[in-house]
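Novice: Residue numbers (the working numbering): 37 to 323.
A single structure is presented below for examination.
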């Protein structure tokens, strides 16, 4: 059981399956996070092409949620890596937020081979039965296929960025280490000193392979990601010659502070992080 994912969910919430409705990727909220809070942000699709697409990964058809400005080509590309809950409504909304800024944003459902992450009501069971089975090798292969899809569908993958939240934050560090064509990454509260799949390396262990600039956005009150592990990664990156990556640690801020649909949401940190995220991509050639 991973403490940060579980502690950031409010105790005593209604986790009944009848409250979970998901007919397509990016539709509905994951069962484990219901009921959503009143401050949940909804971004409309006006001026956008948005919805579910299918990406070929060998013989497998992987669903993904894509949003981009309607009728536009040669768009900078942002890969969006989900939390442990998969590509539910919040992650789809993040894609639409990027699309409103002129990006082709795409969130592949990286857990789908192992089960429906959105249907689980118990977070510990979700981690054990689904999340822990998604290896870095599989995830990086799926993201490679997503990049290829984006290149064939209006994206300019010479301007490629990746961002992600929690599990997806760790995936951000991992994919930057894997793909030297990534121009920049933004990792939101992704663990750096532990992995989810047995045998996979941590971000600290991968530091020598992380060449692109990555912005880390973290909360100092995140019980699952000690600040000293962030310092470890910073030092490892600098020792490997990566002096462009940065860490921002918000004081008195918990895990999942950007998740506006959850009680962990902290508007000031979320707004500041979003502004820094957009500026980071523009500064580093993803615009």
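The C-beta atom is built at its ideal place from N, Cα and C for all residues, glycine as well.
Relative to the C-alpha of residue 109, which candidate in 116, 302, 85 has its C-alpha closest?
Specialist: One-based indexing of the chain shown puts residue 109 at position 73. Closest by alpha carbon: 85.
Novice: Taking 6 Å as the limit between beta carbons, can you name the residues of its chain near residue 92, skipping five residues before and five after?
Specialist: Position 56 of the chain shown, counting from 1, holds the residue named residue 92. Counting only Cβ-Cβ distances below 6 Å, and skipping sequence neighbours, we find nothing.
Novice: Would residue 218 pass as a contact of residue 196 if the rule is Cβ separation under 8 Å?
Specialist: Here the question's residue 218 lines up with position 182 in the chain shown. Here the question's residue 196 lines up with position 160 in the chain shown. Yes; because the gap between Cβ atoms is below 8 Å, this pair is in contact.
Novice: Helix, strand or coil for residue 269 per DSSP?
Specialist: Translated into positions along the chain shown, residue 269 becomes position 233. In this structure, residue 269 counts as helix in the three-state DSSP scheme.
Novice: So is residue 104 buried or exposed if we call it buried at 16+ other beta carbons inside 10 Å?
Specialist: Position 68 of the chain shown, counting from 1, holds the residue named residue 104. That one is buried.
Novice: In terms of residues, what are the limits of the beta strand (DSSP E) holding residue 282?
Specialist: Counting from one through the chain shown, the residue named residue 282 turns up at place 246. Here the beta strand (DSSP E) through residue 282 covers 282-286.
Novice: For residue 139 versus residue 113, is the C-beta distance shorter than 8 Å?
Specialist: By 1-based counting over the chain shown, the position of residue 139 is 103. By 1-based counting over the chain shown, the position of residue 113 is 77. Yes. Within cutoff.
Novice: Does DSSP classify residue 146 as helix, strand or coil?
Specialist: What you label residue 146 is simply residue 110 of the chain shown in a count that begins at 1. DSSP places residue 146 in coil when its eight states are reduced to three.
Novice: So what's residue 101 in DSSP terms, helix, strand or just coil?
Specialist: Start at 1 with the first residue of the chain shown, and residue 101 comes out as number 65. It is a strand residue.
Novice: Just how far apart, CA to CA, sit residue 278 and residue 215?
Specialist: Here the question's residue 278 lines up with position 242 in the chain shown. Here the question's residue 215 lines up with position 179 in the chain shown. So the two alpha carbons sit approximately 15 Å from each other.
Novice: Run through DSSP, which three-state label would residue 65 get?
Specialist: By 1-based counting over the chain shown, the position of residue 65 is 29. It is coil, neither helix nor strand.
Novice: Are the Cβ atoms of residue 212 and residue 261 separated by less than 8 Å?
Specialist: On the chain shown, residue 212 is found 176 positions in, with the first residue counted as 1. On the chain shown, residue 261 is found 225 positions in, with the first residue counted as 1. No, these two residues do not count as a Cβ contact at 8 Å.
Novice: Within 10 Å of its beta-carbon, does residue 300 have 16 or more other beta-carbons around it, so buried, or fewer, so exposed?
Specialist: Taking the first residue of the chain shown as position 1, residue 300 is located at position 264. Burial call: buried.
Novice: Using CA atoms only, rank isn't needed, just tell me which of 129, 107, 106 is closest to residue 117.
Specialist: Counting from 1 along the chain shown, the entry for residue 117 is found at position 81. Checked all of 129, 107, 106; the closest Cα to residue 117 is 129.
Novice: Rounded to whole angstroms, what is the Cα-Cα separation between residue 338 and residue 170?
Specialist: Here the chain covers residues 37 to 323 and nothing more, so residue 338 does not appear.
Novice: Please name the residue in 284, 68, 180 whose C-alpha comes closest to that of residue 310.
Specialist: Stepping through the chain shown from its first residue, residue 310 is reached at position 274. Closest by alpha carbon: 284.
Novice: Taking the alpha carbon of residue 159 as the point to measure from, which residue in 264, 267, 133, 67 has its own alpha carbon closest?
Specialist: Along the chain shown, one-based indexing puts residue 159 at 123. The residue with the shortest Cα to Cα distance from residue 159 is 67.
Novice: How long is the line joining the alpha carbons of residue 307 and residue 157, rounded to whole angstroms?
Specialist: Position 271 of the chain shown, counted from the start, is the residue given in the question as residue 307. Position 121 of the chain shown, counted from the start, is the residue given in the question as residue 157. Looking at the two C-alpha atoms, the distance is approximately 29 Å.
Novice: Using the C-alpha atoms, what's the distance from residue 259 back to residue 180?
Specialist: For the purposes of this step, residue 180 is taken as the residue at position 144 of the chain shown. For the purposes of this step, residue 259 is taken as the residue at position 223 of the chain shown. Roughly 32 Å between the two C-alpha positions.
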